[in-house]
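Visitor: I have a structure here, written as structure tokens, and I will follow up with some questions on it.
Chains as they are written, first to last, in the working numbering: chain F, 14 to 660; chain X, 14 to 660.
Below, the structure is given as structure tokens:
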């Protein structure tokens, strides 16, 4: 097999690969995270690179303009290596692999939310801190010729005497430490006991008295990002928390592209996806434990919540049947599994609990989120929407809960939008447009030049385009305005609005909103709204009966209510009905980690929810089509928008 | 670090190592199994090699004669590599790494013993075949949009309906197979369910109906050899059985040298020993499953019995404290542990059960052996002796059992005997000496020229030397006979008897029995006899009250009663009292594998046995010293020997 040397600039990474390899794969192998929300199908146009030197073959694409092609741009996913190459990776093609930009801010917020969640629970219900692990300090009598039982029998005898514990299983890893830990510590030791699968297990043995140290991890496995909290299991304090991209993003932006990717290469890709998410989590763990000065071995319990696909990729169970009718996941209730099976940086004998799934598109992130939201204990009729890479909705109160998933796609996180990007440095996050001049003003995350536009920015710009008359209620740009910011492509006849000129941007390309983008975004918001409507109507109710709207998920923290109502993403009800509850999946993981009652509760919640499969639900398609207007076909349902539009 | 190339002849293996490395280690790394019963301490003189070319440094030794030194002989364990080397490994220095010679014969015997054991149990007690695993065949309803529970919930529902099984844990490996096994087999599958640690677990999932295939392994982990039986768990049939050297023998012949070896190199050696025994077992497994045409994944349950040190090395728990007063093992009752933790070639989720130990020197091989012997259900007062690399004794009946371990050392298997070797090809196994001419006749295992002498040959030759007057009752050779076969070393004054002249032997060296050998062997037999005596006397009884003597272990199968009585290894009671029960540890493993009652029983046996620590038992030392005569100081206790000696 002929070998080729591929050099990536500006990072200067060099890798030797076989001639004929796919350039996107080559970049992944070199550890360069090129953005490819479509998973390498050639349809998103995000993985653009410039071939500075060398030969490639490439497939035809409409994602690049003739000018771009002339400048040497190629789609990495559609290009194969034919010789030694020099490849330039433009900044906008890179996934930020490091921390999400507003880490400090998010961390503060997350601390607040989690501490609040805990305090509220303790106040409201007298929640006991009762994790599934505990520590026991033992001072043993050293053996002698008359009392010569084995080390393990000696420990069991002491547990019986001191703790009234009759039966305990000793894991092999603890057994291997036993002899020397006992003798090097004058027969004074601390056991970590874990309660799982109907057994009490000795999962660790440490010298001396370490009962003041007991740690766990709460994890949210998002499609786009993972968040991890290091928790003191003795008092519930959040010691550290951190988040990062889920490294799987280089294999596709949404669950469907991940599933397709996982199905290729006979299980190799599935395993690669498993490794990538574990790598993302492990990097956060290592960073946190180093910061705090504990050993990963001290992590004794782990709870992870993710959507059904993320859970299955974490478990490395084949997710194909999530995508195919009748949409069946491998597991809903995942039993606790040892950390060693995941290769997580923690005590290998610690148990990992995955929050239960309800169905293929309503997963553990939602059951954990509902747990955190408190819907299950409240009379208030609540609409809960998790707007992340997917959109999941729960409607109900403590007596009943309906749930569904909307095929919202990745538009809220910038997917399938020409200049869309995630809420990271360089993302335009807020926009206003002058009603007269139609000139925009925007703010950018991280105070840099703009690179693209994120979900909240998109909501703003669409709302503003509607209110300033740049776009009509069908999402069509008003060509007649005849301003330089409105351009029409002669060939396709499609129009676009220029939000930022090339000279203002980091990428030196205009940042625009095209009619294709508008279509995509309107479909996404329409899917969410009609999903909510269908759930509510399935109970014979309407939006006016909704007493509370909880918005969770990545988009939640940047979302403004008014523009969301204007575009018809959120219903037109009183502003004070809305609350943003942040990463409720993480908060749920945290509560389950701290309390065995909460674990029982989240399983009850999963069992209690009635799942509505929208794709086959009568009336849903009509409802969806009616939502493809701004704000909606039925303007009467949006009185304040009607007012703003002056109709 | 300077590198040296070491070439081993006649095998032609070449290895590159650092200058200064120990030559015995180098040979191990090259996969050449040089015999080193002392574990590389320089005291046994077995690891002799010839340096044909190159430079070494070596430590002074008395294990080589000046002539041997002149011929280029070195002890590998005392020699370090200083340059490129050409090393010849004489045949007598090699451990046979392949099968023990009389495999076919042993296999036949083992089948007979095991089948007998089973049939006897079934007859005697109506033993149910009740392994800890079973298979369940399910035909599931395929899912549809109205019945869209997850794959695992579907299986659980079917188990509840069909098998009345309420709760089952699904292992991660089974979970990973679930989706595709169901769909590729038209929703008809077979589960393997394992019962361990209070849980029912799905340890495998196969397509179609495989309920007619369920396999397990019974293993004996001996210090010298490992034996494995592949068992049909549905009917108890022994499908295949095989044995081989425990590859640990290259690190020392007896448990003490293994423990010392394990204690070096900060855990690396311990892990190496674990790997070596697992390698020996895995090689047998692969050979057997290939022969029979099953997949290692179909092995669903495993029972292993070994002495306490072998068990701990198998578990990789530090065995140092077995050797140090007060002689404490890490575990007596080892909980069931997954095969994946051992890297055994079997279903990784299958459980491995290790037979319980009683104390540091009475292990799972003895509890399993006692289970197989039937002592626990018999009124007959029985003496059970397992004469392998160590000597363990049990005395009792169904109401009480005493047990002890004798520091017999490895003499019965040829250890610490100048020309001693194991019962393999080239071993002299039977000897007679003409009473007048004092000329010997011998037989050799495998019809080859003799290379050395094994345990049964040693017993014969010592008995014959006594009866023909070559040696007196103290084990001193009678120099006055003045025959060529008796030689006296001028320097040391020690005598030896030449059993085979160099020209008759495979090694071209005389095979002799020296007074040092006699001393070592007499100490070994004295330890066993006095151990038996002490146990019997501890119950206020004497040898005349022993109704049955069961002899188990490697030596048992070759042992002749009369010469054993003559040298005072066995008591002088009626010949019909003695039975040889072969590898009772393996038979015990087999019974436990087949029956959960037998597993409960072996734990009862371990709890019931009273362990006597001979080293601190009053009167034992006197008893031992009295046994250092042939047959014994007290000739009156051996009437038939008294008669044979004409006294």
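A virtual CB, placed ideally from N, CA and C, is assigned to each residue, including glycine.
Looking at the secondary structure, which residues open and close the alpha helix (DSSP H) in which residue 620(X) lies?
Guide: Here the alpha helix (DSSP H) through residue 620(X) covers 609-621.
Visitor: Could you say which of 363(F), 632(F) and 604(F) lies nearest to residue 140(F) if we only look at CA atoms?
Guide: Among 363(F), 632(F) and 604(F), the Cα nearest to that of residue 140(F) belongs to 604(F).
Visitor: When we look at the beta-carbon of residue 464(X) and count the other beta-carbons within 10 Å, is it buried (16 or more) or exposed?
Guide: Classification for residue 464(X): buried.
Visitor: Identify the contact partners of residue 166(X) in chain F, using a Cβ-Cβ distance below 9 Å as the criterion.
Guide: What residue 166(X) touches in chain F: 344, 345 and 346.
Visitor: Does the beta-carbon of residue 305(F) have 16 or more other beta-carbons within 10 angstroms, so that it is buried, or is it exposed?
Guide: By the 10 Å Cβ count, residue 305(F) comes out exposed.
Visitor: Below 9 Å between beta carbons is the criterion; list the residues of the region 299-320 of chain F that meet it against any residue of chain X, in chain order.
Guide: Answer in chain order: no residues at all.
Visitor: Could you please tell me which residues of the region 624-636 of chain F, in chain order, have their CB closer than 7 Å to any CB of chain X?
Guide: If the cut-off is 7 Å between Cβ atoms, the region 624-636 of chain F has 626 and 629 near chain X.
Visitor: Taking C-alpha atoms, which residue in 266(F), 494(F), 150(F) and 243(F) lies nearest to residue 202(F)?
Guide: Closest option to residue 202(F), Cα to Cα, is 150(F).
Visitor: When the Cα of residue 626(X) is compared with those of 160(F), 87(F), 27(F) and 431(F), which residue comes out closest?
Guide: For residue 626(X), the nearest C-alpha among the options comes from 160(F).
Visitor: Just grab the DSSP bridge partners of residue 64(X) for me.
Guide: Answer by DSSP bridge pairing, in chain order: 100(X).
Visitor: Leaving out the 5 sequence neighbours to the left and right, which residues in its chain are closer than 8 Å to residue 557(X) when beta-carbon positions are compared?
Guide: Excluding positions up to five away in sequence, the list reads 586.
Visitor: Between residue 188(F) and chain X, is any beta-carbon pair separated by less than 8 Å?
Guide: Yes, residue 188(F) lies at the interface with chain X (some Cβ there is under 8 Å from its Cβ).
Visitor: Report yes or no: is there a C-beta of chain X within less than 8 Å of the C-beta of residue 111(F)?
Guide: Low local confidence applies: a pLDDT of 35 at residue 111(F) is under 50, so the model's placement there is unreliable, with the coordinate-based value given in what follows. Judged by the 8 Å Cβ criterion, residue 111(F) is not in contact with chain X.
Visitor: Just how far apart, CA to CA, sit residue 248(X) and residue 263(X)?
Guide: Residue 248(X) and residue 263(X): Cα-Cα distance of roughly 38 Å.
Visitor: With a threshold of 16 other CB atoms inside 10 Å of the CB of residue 635(F), please say whether the residue is buried or exposed.
Guide: By the 10 Å Cβ count, residue 635(F) comes out exposed.
Visitor: Where in the region 32-78 of chain X do unbroken runs of the beta strand (DSSP E), each at least 3 residues long, occur, reported from the N-terminal end onward?
Guide: List check, beta strand (DSSP E) in window: 61-66 and 69-71.
Visitor: Counting only Cβ pairs nearer than 8 Å, list the residues of chain F close to residue 372(X).
Guide: In chain order: 161.
Visitor: Mapping DSSP to helix, strand and coil, what is residue 274(F)?
Guide: Residue 274(F): helix per DSSP, three-state reduction.
Visitor: Three-state secondary structure (DSSP) at residue 542(X)?
Guide: It is helical.
Visitor: For residue 1(F), which beta-bridge partners are listed by DSSP?
Guide: Chain F is shown only over 14 to 660; residue 1(F) falls outside these bounds and no answer can be derived.
Visitor: Taking the runs of the beta strand (DSSP E) that are 3 residues or longer, which of them lie wholly in the region 241-265 of chain F?
Guide: List check, beta strand (DSSP E) in window: 251-258.
Visitor: Measuring CB to CB, does residue 368(X) end up less than 8 Å from residue 316(X)?
Guide: It is a contact, given that the beta carbons lie within the stated cut-off.
Visitor: Am I right that residue 610(F) and residue 143(F) are in contact with their C-beta atoms under 8 Å? What's the rounded C-beta distance?
Guide: That pair is a contact at about 7 Å.
Visitor: With DSSP collapsed to three states, give me the class of residue 586(F).
Guide: In the structure shown, residue 586(F) sits in coil (DSSP, three-state: anything other than H, G, I, E or B).
Visitor: For the candidate residues 212(X), 101(X), 227(X) and 71(X), whose alpha-carbon lies nearest to that of residue 148(X)?
Guide: Here the closest residue by C-alpha is 227(X).
Visitor: If the cut-off is 8 Å on Cβ atoms, which residues from the region 185-219 of chain F count as contacting chain X, listed in chain order?
Guide: For the region 185-219 of chain F, which is checked against every Cβ of chain X, the residues closer than 8 Å are 185, 188, 189, 191, 192, 193, 196, 210, 211 and 212.
Visitor: In angstroms with no decimal places, state the Cα-to-Cα distance between residue 88(X) and residue 60(X).
Guide: In a straight line, the C-alpha of residue 88(X) is about 5 Å away from that of residue 60(X).
Visitor: If you drop the 5 nearest sequence neighbours on each side, which residues of the same chain put their C-beta closer than 8 Å to that of residue 518(X)?
Guide: Only 462, 463, 464 and 524 meet the Cβ criterion.
Visitor: Taking one C-beta from the region 349-357 of chain X and one from the region 402-419 of chain X each time, how about it: are there three or more such pairs within less than 8 Å?
Guide: At 8 Å Cβ cutoff, the stretches do not touch.
Visitor: If the cut-off is 7 Å on Cβ atoms, which residues from the region 143-161 of chain F count as contacting chain X, listed in chain order?
Guide: The region 143-161 of chain F vs chain X, Cβ under 7 Å: 156, 157, 158 and 161.
Visitor: Alpha carbon to alpha carbon, how far is residue 173(F) from residue 209(X)? Give it in angstroms, no decimals.
Guide: Going by the C-alpha atoms only, they are around 22 Å apart.
Visitor: Going by C-alpha distance, which of 331(X), 233(X) and 350(X) is nearest residue 341(X)?
Guide: Ranking 331(X), 233(X) and 350(X) by Cα distance to residue 341(X) puts 331(X) first.
Visitor: Can you tell me the Cβ-Cβ gap for residue 644(X) and residue 579(X), rounded? I've got them flagged as a contact below 8 Å.
Guide: Indeed, because the Cβ distance is near 6 Å, the residues count as touching under 8 Å.
Visitor: Cα separation between residue 501(X) and residue 382(X)?
Guide: Rounded to the nearest angstrom, the two C-alpha atoms are 44 Å apart.
Visitor: Note down the Cα distance separating residue 612(X) from residue 565(X), rounded to an integer number of angstroms.
Guide: In a straight line, the C-alpha of residue 612(X) is about 20 Å away from that of residue 565(X).
Visitor: What is the DSSP secondary structure of residue 536(X), reduced to helix, strand or coil?
Guide: Correct three-state label for residue 536(X): helix.
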